[in-house]
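All remarks here apply to the structure that follows.
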Amino acid sequence: VKTRQRRDWLDEVFDYEASHPVAFASPRALMEARLIAEMDKARGHRPAHPRGIASRHRRRNGSAF
Amino acid sequence: MKPFIFYVEAAGEFRAVELKFAAEAEVRSVRMWRKMAPATDASEFAALAAKRWFYYTREGATAASLDELRAAIARNARSEIAFLLVAGAEWTTRHRFLALAYCRRTWCHRLVLDFLAVRPELSFAGQPIRGVGTGMIFGLASLASSLGVDVIWGEATASSAPFYGKVLGTPSVKDFFIIRQDPMRRLRQRYLAKLKKRLAPSEWRTYCS
Chain A
5 VKTRQRRDWL
15 DEVFDYEASH
25 PVAFASPRAL
35 MEARLIAEMD
45 KARGHRPAHP
55 RGIASRHRRR
65 NGSAF
Chain B
-8 MKPFIFYVEA
2 AGEFRAVELK
12 FAAEAEVRSV
22 RMWRKMAPAT
32 DASEFAALAA
42 KRWFYYTREG
52 ATAASLDELR
62 AAIARNARSE
72 IAFLLVAGAE
82 WTTRHRFLAL
92 AYCRRTWCHR
102 LVLDFLAVRP
112 ELSFAGQPIR
122 GVGTGMIFGL
132 ASLASSLGVD
142 VIWGEATASS
152 APFYGKVLGT
162 PSVKDFFIIR
172 QDPMRRLRQR
182 YLAKLKKRLA
192 PSEWRTYCS
């Protein structure tokens, strides 16, 4: 009679990890992170204070604010 | 405070890895995974998790240490705080960090796991490093226990559900997983029992001390 030896739980999980990369994201977290990345990108293209405006404003009014 | 340690298999031995809270320098470091070629899901998730961490840090809603997290909870028991955990070890000279987990502490004192990524192609002495993902879940359960958190949950996908199912010993994981107090304790006990069998007695004593 053949007896099947029960595999060790830790070995089984380690083997599974070895053949299935652990790189998981919750779909909602992923969507939010991508949205943040897009917002950052958009902010990068359209700065809050376009170059030159602050210095012109400062020259005219003697103040940066 | 005792560090959160788990063990991985590297070059035929079980070696210790420390799980710690990431501060800005550590977050910048894992963000650099995106420079890996070829691009992988892990590198994309690391970059996005870092992006999210910086966004919430600007809002004052992250913790860069366990003390910071405890202090934030003490100030406001209903605060929602995000944090990034990174796993690293001194013996892994080629890789500063082996894995990351982006988590949130919710208003009702539960932990949510949003991102879990193990750096691909990890090796030591020419052999793959095994068991990092499992160790991360064990480490997260240990952190939850030290915080008195009784539930860890997260969304699962077609690719992550089998992993969570195997680690938790519940093949029924579908599109979310929930680890309550008893399964969390069982997971830790099971992991520690296996560890005890594999570590040298002196190392086991050091681990327990």
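Residue numbers (our numbering), protein chains in the order written: chain A, 5 to 69; chain B, -8 to 200.
Virtual Cβ for every residue (Gly too), placed ideally from N, Cα, C.
Taking 8 Å as the cut-off, does the stretch 88 to 96 of chain B touch the stretch 109 to 118 of chain B (at least 3 CB pairs, one atom from each stretch)?
yes
Counting C-beta neighbours from all protein chains within 10 Å, is the total for glycine 139 of chain B 16 or more, i.e. buried, or is it exposed?
Indexing the second sequence from 1 puts residue 139 of chain B at position 148. Classification of glycine 139 of chain B: exposed, given that the 10 Å Cβ count is below 16.
Whole-number beta carbon distance between alanine 38 of chain B and isoleucine 120 of chain B, since they are thought to touch under 8 Å
Counted from its first residue, the second sequence places residue 120 of chain B at position 129. Counted from its first residue, the second sequence places residue 38 of chain B at position 47. Between the beta-carbon of isoleucine 120 of chain B and that of alanine 38 of chain B there is about 22 Å, and that puts the pair past the 8 Å contact cut.
Using C-beta distances below 7 Å, list every residue in its chain close to proline 174 of chain B, excluding the 5 sequence neighbours before and after it, in chain order.
Start at 1 with the first residue of the second sequence, and residue 174 of chain B comes out as number 183. Leu159.
For arginine 22 of chain B, the first and last residue of its enclosing alpha helix (DSSP H)
As a first step, residue 22 of chain B is located in the second sequence; it is residue number 31 there, counting from the start. That run of the alpha helix (DSSP H) goes 15 to 22.
Helix, strand or coil, according to DSSP, for lysine 11 of chain B in the structure here?
Within the second sequence, numbered from 1, the residue matching residue 11 of chain B stands at position 20. Lysine 11 of chain B: strand per DSSP, three-state reduction.
By alpha-carbon positions, which one of B:Trp24, B:Thr53, B:Phe168 ends up nearest to arginine 85 of chain B?
As a working mapping, residue 85 of chain B is identified with position 94 in the second sequence. It is B:Trp24 whose Cα lies nearest to the Cα of arginine 85 of chain B.
Could you tell me which residues DSSP pairs with proline 119 of chain B in its beta bridges?
By one-based count along the second sequence, residue 119 of chain B stands at place 128. In the DSSP output, where bridge partners are listed per residue, proline 119 of chain B has B:Ser114.
What's the gap between the Cα of glycine 156 of chain B and the Cα of valine 164 of chain B?
On the second sequence, position 165 is the one that residue 156 of chain B refers to. On the second sequence, position 173 is the one that residue 164 of chain B refers to. So the alpha carbons of these two residues sit roughly 5 Å apart.
Is the separation between the beta-carbon of valine 103 of chain B and that of glycine 145 of chain B shorter than 9 Å?
Numbered from 1 along the second sequence, position 112 holds the residue referred to as residue 103 of chain B. Numbered from 1 along the second sequence, position 154 holds the residue referred to as residue 145 of chain B. Yes, the Cβ-Cβ distance between valine 103 of chain B and glycine 145 of chain B is below 9 Å.
Is it buried or exposed for aspartate 15 of chain A, if we count other Cβ within 10 angstroms and need 16 for buried?
By 1-based counting over the first sequence, the position of residue 15 of chain A is 11. By the Cβ neighbour-count rule, aspartate 15 of chain A is exposed, with fewer than 16 other Cβ atoms within 10 Å of its own.
Residues of chain B with CB under 8 Å from serine 81 of chain A, in chain order?
Chain A is shown from 5 up to 69; residue 81 of chain A falls before or after that span and cannot be answered.
Euclidean distance between Cα positions of asparagine 65 of chain A and phenylalanine 45 of chain B:
Mapped onto the first sequence, residue 65 of chain A falls at position 61. Mapped onto the second sequence, residue 45 of chain B falls at position 54. For asparagine 65 of chain A, the predicted structure reports a pLDDT of 43, less than 50, and the residue's modelled location is therefore unreliable. A value from the coordinates is still provided. Looking at the two C-alpha atoms, the distance is approximately 35 Å.
Which residues of the stretch 15 to 39 of chain B have a Cβ closer than 7 Å to any Cβ of chain A? Give them in chain order.
Thr31, Asp32, Ala33, Phe36, Leu39
Glycine 145 of chain B - DSSP class collapsed to helix/strand/coil:
Here residue 145 of chain B corresponds to residue number 154 of the second sequence, with the count starting at 1. Here glycine 145 of chain B sits in strand by DSSP.
Strictly under 9 Å for the Cβ-Cβ distance: is threonine 161 of chain B near chain A by that measure?
Residue 161 of chain B sits at position 170 when you count from the first residue of the second sequence. Residue contact check for threonine 161 of chain B against chain A: no CB pair falls below 9 Å.
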